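The UniProt record's numbering puts the last residue of the sequence shown at 236; the count rises by one with no breaks. Note that CB positions come from ideal geometry on N, CA and C, so glycine has one too. Note that this is a predicted model, so its numbers are computed, not measured.
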Amino acid sequence: MGCLSQFHCITVKEVEGIIQRMRPSTCSLDPFPTPLVKSNVSDLSPLIADIINNSLQSGLVSLALKIAIIRPHLKKSSLDSEVLANYRPISNLAFLSKVLEKVVLVQLQDHLKKFNLFEKFQSSFRTSHSTETALVRVTNDLLMAADQGSSSLLILLDLTAAFDTIDHNILLHCLHYMIGLSGFALEWFESYLTDRAEYVAPGDAKSRTHTVTCGFLYATPGPHHPQAWSFIPLLC
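Here it is as structure tokens:
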């Protein structure tokens, strides 16, 4: 197993490319609208690159990038809006936080691919993989067993709120001993997971801020496409 002790610095050109490919969604945590950032990316990308590289080289993530606004959204418009279980909690993160996550995601994926550290049958949160590849694998195994005259037993397990209950210390342990992270790379993840906070904002109301001690926040690139923090599902 290879070791990843330091994330490498990103170039201004790479930052520009990442920003241009990202959706122009904005939340109230952003100092100015994301479309404005994208339209002035050539002027702002050197500053953004400096902020990101300082984070990568120091192994520290700013507190300003570790807070999320949780907005409840009805899972379906036809559901009863008075029933809390009918809502999905959608987190809104600062745009710069999402850019930083993307930078780390790319380098982490490169490390996992280089040393073949992906789970053998993992189809979710992997490039060129999807639910379709998982179904193809299962279907193929069932058909092969049937051709051989063997019986098959399929057990399906759906964990409720799986990402919401993951212990941060266990994840950091796995990052070190199973993925090979150490030094500033591991310290970066420890900082990333420490002192994260969130508050709920239904409409114009706002709750008290709460510290996230386990599990993970959720970010969404679009109103109907919830997505967990970029790299967390990749590791779980």
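Evaluate Lys-206 with the Cβ neighbour count: other Cβ atoms within 10 Å of its Cβ, from every protein chain shown; 16 or more gives buried, anything less gives exposed. Exposed.
Kindly list the residues whose CB is nearer than 7 Å to the CB of Leu-44, restricted to its own chain and excluding five residues on each side of it in sequence; keep chain order. Val-37, listed in sequence order.
Does DSSP put Leu-117 in a helix, in a strand, or in coil? Secondary structure at Leu-117: coil, using DSSP grouped into helix, strand and coil.
Buried or exposed, going by whether 16 or more other CB atoms sit within 10 Å of the CB of Cys-27? Around the beta carbon of Cys-27, a 10 Å sphere encloses 16 or more other beta carbons of the protein chains shown; the residue is thus reported as buried.
If I measure Cβ to Cβ from Gly-2 and keep anything under 8 Å in the same chain, skipping five residues before and after, which residues do I get? Only His-111, Lys-114, Phe-115, Gly-180 meet the Cβ criterion.
May I have the straight-line CA-CA distance separating Pro-33 from Ile-69, to the nearest angstrom? Cα-Cα distance, rounded: 16 Å.
Where in the stretch 58 to 134 do unbroken runs of the alpha helix (DSSP H), each at least 4 residues long, occur, reported from the N-terminal end onward? DSSP runs (the alpha helix (DSSP H)) wholly in the stretch 58 to 134: 95 to 114.
Does the beta-carbon of Ser-55 have 16 or more other beta-carbons within 10 angstroms, so that it is buried, or is it exposed? By the neighbour-count criterion, in which 16 or more other beta carbons inside 10 Å mark a residue as buried, Ser-55 falls on the buried side.
What's the C-alpha gap between Val-103 and Ser-128? The alpha-carbon of Val-103 is positioned some 19 Å away from that of Ser-128.
Using the rule of at least 16 other Cβ atoms within 10 Å of the residue's Cβ for burial, across every protein chain shown, is Glu-119 buried or exposed? The residue in question, Glu-119, is exposed, as its Cβ has fewer than 16 Cβ neighbours within 10 Å.
Helix, strand or coil for Val-212 per DSSP? Coil, per DSSP.
DSSP on Leu-143, reduced to helix/strand/coil? Reduced to three states, the DSSP call for Leu-143 is helix.
In terms of alpha-carbon separation, which member of Val-212, Ile-19, Gln-122 lies closest to Leu-100? It is Ile-19.
Is the beta carbon of Leu-60 sitting closer than 8 Å to the one on Ser-182? Their beta carbons are not under 8 Å apart, which means Leu-60 does not touch Ser-182 by this criterion.
Is the beta carbon of Phe-95 less than 8 Å from the beta carbon of Asp-30? Inclusion of Phe-95 and Asp-30 in the CB contact set at 8 Å is warranted, their separation being smaller than that value.
Which residue comes first and which comes last in the alpha helix (DSSP H) that contains Ala-185? Looking at the DSSP string, the run of the alpha helix (DSSP H) that includes Ala-185 is 183 to 193.
Expressed to the nearest angstrom, what Euclidean distance is found between the alpha-carbon atoms of Ser-130 and Gln-107? Looking at the two C-alpha atoms, the distance is approximately 21 Å.
Could you tell me if Leu-186 is buried or exposed, where buried requires 16 or more neighbouring beta carbons within 10 angstroms of its beta carbon? Classified as buried, Leu-186 has 16 or more neighbouring CB atoms from the shown chains inside 10 Å of its CB.
Let me know if Lys-75 comes out buried or exposed under the rule of 16 or more other beta-carbons within 10 Å of its beta-carbon. Per the 10 Å Cβ criterion, exposed.
Hey, would you say Ser-91 sits closer than 8 Å to Glu-198, going by beta carbons? Contact flag set, yes.
If Phe-184 sits next to Leu-175, beta carbons under 8 Å apart, how far is it from one beta carbon to the other, in whole angstroms? Their Cβ separation, rounded to whole angstroms, is 13 Å, which puts Phe-184 and Leu-175 out of contact at 8 Å.
Roughly how many angstroms lie between the CA atoms of Asp-50 and Arg-71, to the nearest whole one? So the two alpha carbons sit approximately 31 Å from each other.
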